[in-house]
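A.B. asks: Here it is: the structure, laid out below.
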Amino acid sequence: MNDPGFHIMATSLNVPALLSRLRMRQIVLLLEIEERGTLRAAAARLNMTQSAASKMLQELELAVGQPLFERIGRGLTLTAAGDCVMGYFRGLRGTVSSLARELEELRLGSAGKLFIGSIMAASPGPLTDALLALKKTYPLLAVEISTGTSDLLARQLNEGKLDVVIGRMLSLSNQDYVFRDIDKEALSVIAAVDHPLASLAHVDFAAMQAYPWVLQPQGSPMREVMEQEFRAHGHPLPRGLIESASILTTTNLAMKSDMLGVIPESVASRYAQHGLLAILGYRIQRRLTTYGSIVPRDRPLSAPARHFLDLLHRPAGDAAASGTTGMPQSRP
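Going from the sequence shown to the working numbering is simple: count from 1 and add 556.
Encoded structure:
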């Protein structure tokens, strides 16, 4: 923090020295400053005086050997060093959150709980198969599954709310996360089973322009693929477009109207098999980027989480049988 009466001497750091200087309260203060924007608000949130918070921040900056904030007006802005430190502190908060959650499960005497986040494309196949096999080995394990977009799930993973994510890396750093690919996601155009285009073996892109569409919101990977598809055919996006990130909303709209929607091929196939929707005879040329499993690189995983990942990345034919094998290695 830039203070005329406060000077920091840049020094090289070694791990033991840094560990001995850092205090958890300093980490909490830094995270609160980022969230609330001012030292005063952060101090109030932590029931501290502003002078005490200022002193604690100065001690933290002395510990790391570099200023972490610049004062801009009444607020504080992270320096390059502050941005670096903050990234690690956010990850630490997520790790502590995971630790607290697991300790509480042990205190309650349960077999533990696994928190999984997944994009919709993985649900019908890889996720379901791995979960069924996992429950053969851990029948008393509680599992909570959250579905959403990759960017939303990544935030929850970073905050320690999820143990494993099945999605795309997007803005996540390879230095902080381990990614193992599963598949490239194909997309399908869907419509009601009685839609005028549903009975055609081949559907031209131009023919679909006569109908309303529901697409994912702008900026989402699925939307970007469809924007490229429209551009490749020389068509603008449909007027009166409905935008929704919910696959359930998309499928319901398509089933009850003449709207066309776009969802993962794996999901569309399940709807079509049960006669709920039709997959139009148009092949989307582009695919979404590869999705896979994502875990924080430096956050320890429980034995069930490690076993789940093993099952997730085994060939489909081996996953069900793997649940009958011996117990996986326990957490060291």
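Even glycine gets a Cβ: it sits at the ideal position worked out from N, Cα and C.
Remember, predicted model here, so these are calculated numbers, not experimental data.
#1: Note down the Cα distance separating residue 772 from residue 833, rounded to an integer number of angstroms.
#2: Does the beta-carbon distance from residue 725 to residue 703 come in below 7 Å?
#3: Would you kindly work out how many angstroms separate the C-alpha atoms of residue 671 and residue 825, rounded to a whole number?
#4: Return the chain-ordered ranges of every alpha helix (DSSP H) run that is complete within the stretch 728 to 797 and spans a minimum of 4 residues.
#5: Looking at residue 651: is its Cβ nearer than 7 Å to the Cβ of residue 740?
#6: Three-state secondary structure (DSSP) at residue 577?
#7: Tell me, which residues are paired with residue 669 by DSSP?
#8: By a C-beta neighbour count over all protein chains shown, 10 Å radius and 16 as the cutoff for buried, is residue 877 buried or exposed?
#9: Just how far apart, CA to CA, sit residue 784 and residue 609?
#10: Could you tell me the alpha carbon to alpha carbon distance between residue 603 and residue 588, rounded to whole angstroms?
#11: Candidates 818, 762, 598, 838: which alpha carbon is nearest residue 780's?
#12: For residue 592, name the three-state secondary structure that DSSP assigns.
#13: Can you tell me which of the three DSSP states residue 858 falls into?
#14: Where do the N-terminal and C-terminal ends of the beta strand (DSSP E) with residue 816 fall, by residue?
#15: Please determine, among 821, 711, 827, 849, the residue with the shortest C-alpha to C-alpha distance to residue 841.
#16: Say whether the stretch 859 to 868 touches the stretch 692 to 699, bearing in mind that this needs 3 or more beta-carbon pairs closer than 8 Å, one atom from each stretch.
#17: Name the DSSP bridge partner or partners of residue 651?
#18: With residue 770 and residue 837 assumed to form a contact (beta carbons below 8 Å), what rounded beta-carbon distance in angstroms separates them?
#19: Tell me the rounded alpha-carbon separation between residue 761 and residue 745.
#20: Going by other Cβ atoms of all chains shown within 10 Å of its Cβ, with 16 needed for buried, is residue 806 buried or exposed?
#21: On a Cα-Cα basis, can you pick out the residue from 572, 867, 575, 753 that is closest to residue 722?
#22: Whole angstroms are fine: how far does the CA of residue 733 sit from the CA of residue 716?
#23: In three-state terms, what does DSSP make of residue 848?
C.D. replies: The answer reads as follows:
#1: Position 216 of the sequence shown, counting from 1, holds the residue named residue 772. Position 277 of the sequence shown, counting from 1, holds the residue named residue 833. Approximately 18 Å, taken between the alpha carbons.
#2: Position 169 of the sequence shown holds residue 725. Position 147 of the sequence shown holds residue 703. With contacts defined as CB atoms closer than 7 Å, residue 725 and residue 703 fail to qualify as a contacting pair.
#3: For this step, residue 671 is matched to residue 115 along the sequence shown. For this step, residue 825 is matched to residue 269 along the sequence shown. Here the C-alpha atom of residue 671 lies approximately 27 Å from the C-alpha atom of residue 825.
#4: You should have 761 to 764, 777 to 788.
#5: Along the sequence shown, one-based indexing puts residue 651 at 95. Along the sequence shown, one-based indexing puts residue 740 at 184. Going by C-beta atoms, residue 651 is not nearer than 7 Å to residue 740.
#6: Looking up residue 577 in the sequence shown gives position 21. DSSP places residue 577 in helix when its eight states are reduced to three.
#7: Along the sequence shown, read from residue 1 onward, the residue named residue 669 stands at position 113. Paired residue(s): 698.
#8: Walking along the sequence shown from the start, residue 877 turns up at place 321. Bear in mind that a pLDDT of 46 at residue 877, under 50, signals an unreliable position, so the number given afterwards is only what the model happens to contain. The residue in question, residue 877, is exposed, as its Cβ has fewer than 16 Cβ neighbours within 10 Å.
#9: For the purposes of this step, residue 784 is taken as residue 228 along the sequence shown, with counting starting at 1. For the purposes of this step, residue 609 is taken as residue 53 along the sequence shown, with counting starting at 1. Answer to the nearest angstrom: the Cα atoms are 51 Å apart.
#10: Along the sequence shown, read from residue 1 onward, the residue named residue 603 stands at position 47. Along the sequence shown, read from residue 1 onward, the residue named residue 588 stands at position 32. Distance between the alpha carbons of residue 603 and residue 588 is about 12 Å.
#11: For the purposes of this step, residue 780 is taken as the residue at position 224 of the sequence shown. Of 818, 762, 598, 838, the residue nearest in Cα terms is 818.
#12: The residue you call residue 592 lines up with position 36 of the sequence shown. Looking at residue 592 - three-state DSSP - the assignment turns out to be helix.
#13: Within the sequence shown, residue 858 is the residue found at index 302, counting from 1. Annotated three-state conformation of residue 858 is coil, per DSSP.
#14: Start at 1 with the first residue of the sequence shown, and residue 816 comes out as number 260. First-last of the beta strand (DSSP E) with residue 816: 816 to 820.
#15: Position 285 of the sequence shown, counting from 1, holds the residue named residue 841. Measuring from the Cα of residue 841, the nearest candidate turns out to be 821.
#16: The answer is yes - the stretch 692 to 699 touches the stretch 859 to 868, with three or more Cβ pairs under 8 Å.
#17: Counted from its first residue, the sequence shown places residue 651 at position 95. Per DSSP, none; premise fails for residue 651.
#18: Mapped onto the sequence shown, residue 770 falls at position 214. Mapped onto the sequence shown, residue 837 falls at position 281. Actually they do not touch by this definition, with Cβ atoms about 19 Å apart.
#19: Counting from one through the sequence shown, the residue named residue 761 turns up at place 205. Counting from one through the sequence shown, the residue named residue 745 turns up at place 189. Each residue's alpha carbon lies about 11 Å from the other.
#20: Mapped onto the sequence shown, residue 806 falls at position 250. That one is buried.
#21: Numbered from 1 along the sequence shown, position 166 holds the residue referred to as residue 722. Among 572, 867, 575, 753, the Cα nearest to that of residue 722 is on 867.
#22: Residue numbering aside, residue 716 sits at position 160 when the sequence shown is read from its first letter. Residue numbering aside, residue 733 sits at position 177 when the sequence shown is read from its first letter. Distance between the alpha carbons of residue 716 and residue 733 is about 13 Å.
#23: Stepping through the sequence shown from its first residue, residue 848 is reached at position 292. If DSSP states are grouped into helix, strand and coil, residue 848 belongs with the strands.
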